[in-house]
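Here the structure comes first, spelled out in structure tokens, and everything after it is commentary.
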Amino acid sequence: MKHFKVLGPGCKNCAAAADLIARKAQELGVAVKVEKVTDMGAILGYGVMSTPGIVIDEKVTHVGSVPSAAQVKVWIAA
Amino acid sequence: MTTETHTLPAKRDLPTWTWHLGVVAFAAIWFGIYKQLPAYSEWFTSLLPVDRHSHTDEALAFFVYDAPKVIMLLALIVFAMGVVRSFFSPEKTRALLSGKAEGVGNVMAASLGIVTPFCSCSAVPLFIGFVSAGVPLGVTFSFLIAAPMVNEVALILLFGLLGWKVAIIYLSFGLGIAVVAGWVIGRFHLEGWLQDWVKDIHMGSAAELPDEKRSMVDRYKQGIDSVKDIVGKVWIWIIVGITLGALIHGYVPEDTMVGIMGSGAWWSVPVAVVMGIPMYTNTAGVIPIVEALLGKGAELGTVLAFMMSVIALSLPEMLILRKVLTTKLIAVFVGAVGSGILVVGFMFNLIF
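Structure below.
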């Protein structure tokens, strides 16, 4: 099961990104784990400077903005 | 166990040349409408049962003309900047600035601050990322000062409401303050005034991202997203600001502001700067008020100082930065930028 981590200090973009991933996964009927990471040390540990950052199965995949719905679907389905 | 991969039907984009054509057509239509705006607003107000030279009519004309004009300008420039920003990223900026000498670094940082996409919520990780990559503290500050202050929303609104000269001067002075204040802060070597946990923490190399190749079409889309995002957030403030501005324009007697913000009162610039600190509005909301105040006798330097203070010395951003900077360092930051704004305000009043 894919493990998504959304890195961010808790601003609304980060929350929006986490929501989007959870919703799209539900729409596609794929079980995923979505975790919000707000600890600064952890975020920096991934080398992420611009939040929200999306990490999939420990690989940093996207930084700096809420990903598009289309993009999220591709990640979930891959 | 076999794994099945689901492939989504690929959404077919229009060919690239269609997009280029679309952008050009959009620009042409935009100009056409823009040129017609004054005529249209005159015509519109003439339809209303209001006496042409009454206060209500003046206020209405201001509103009907300025609201669409400002929103149109905003849409255009936010789109353009959205496309420009798609070429930049904090990661690239960090690499460009790392290890740069002060002076040159400050100038680069301030310039990059304008074009790098940057959300204030990322202020903390960005700050640490920069500092741990060997970007000098002062240079990082130049970036952090320029980014909110010299933003295209402010520039465009200034251009639209006060003319290109004011916009250019705001741009140069904004950059100037970012460079000088950042450089001055750097001179003091205040790394010791960072919060303790920051000194211990390190960000290694920036994350290796899978190659997100971007086509021109992707960049156009990013421009459109920016417009939806920014104009979507800001248009209500523009309406509020313009309404207030219109009311001031129409109903407040001329010269009301002269006593408070006019050339007689030398103390008006410092007061304006101080007033601006606890205030934080969207850039868009404040500018029409700026224009209306000017029309009523306030001095340009004072009003611009107020505006810069509202934007650059923003309480919310300072509260966020409290996580990485000690209060002492924040005080130095406010002092340096505040002084810069003061100087600009006085100079403006002298020149104009």
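Residue numbers (this note's numbering), protein chains in the order written: chain A, 1 to 78; chain B, 79 to 430.
Ideal Cβ positions, reconstructed from N, Cα and C, are used throughout, including at glycine.
- Residue pairing by DSSP places Leu272 of chain B opposite B:Leu403 in a beta bridge.
- Taking 7 Å as the Cβ-Cβ cut-off, the stretch 153-180 of chain B approaches chain A at Ser167, Pro168, Glu169 and Arg172, given in chain order.
- Separation of the CB atoms of Ala173 of chain B and Ala224 of chain B is rounded to 18 Å, and the pair is thereby denied contact status at 8 Å.
- Cα atoms of Ile76 of chain A and Thr380 of chain B: separation of roughly 54 Å, rounded to the nearest angstrom.
- Below the 8 Å Cβ cutoff, chain A contributes no neighbours of Gly310 of chain B, its closest Cβ being approximately 13 Å away.
- In the structure shown, the three-state DSSP call for His267 of chain B is coil.
- By alpha-carbon distance to Ser387 of chain B, the top candidate from B:Val209, B:Val422 and B:Phe196 is B:Val422.
- Against Val258 of chain B, chain A offers no close residue; the least beta-carbon distance is about 25 Å (beta-carbon pairs closer than 7 Å).
- B:Glu230 is the residue among B:Glu230, B:Glu377 and B:Phe251 whose C-alpha sits nearest the C-alpha of Ile149 of chain B.
- The three-state reading of DSSP puts Lys12 of chain A in helix, counting H, G and I together.
- Relative to Met159 of chain B, the option among B:His267, B:Val312 and B:Arg297 whose CA is nearest is B:Arg297.
- Taking CB atoms only, Val305 of chain B has no neighbour in chain A less than 8 Å away.
- For Leu125 of chain B, the enclosing alpha helix (DSSP H) has its first and last residue at Thr94 to Leu125.
- Here Phe4 of chain A is bridged, per DSSP, to A:Val34 and A:Ile56.
- Residue pairing by DSSP places Val63 of chain A opposite A:Gly53 in a beta bridge.
- Here the alpha carbons of Ser124 of chain B and Thr194 of chain B stand approximately 45 Å from one another.
- Relative to Leu190 of chain B, the option among B:Cys197, B:Ser210 and B:Arg163 whose CA is nearest is B:Arg163.
- Shown here, Pro146 of chain B sits in a helix according to DSSP, grouped into three states.
- Within the stretch 199-218 of chain B, the residues whose Cβ lies closer than 7 Å to any Cβ of chain A are, in chain order, Cys199, Ser200, Val202, Pro203, Leu204, Ile206 and Gly207.
- Neighbours of Pro9 of chain A in chain B, taken as residues whose beta carbon is under 7 Å from its own, are Cys199 and Val202 in chain order.
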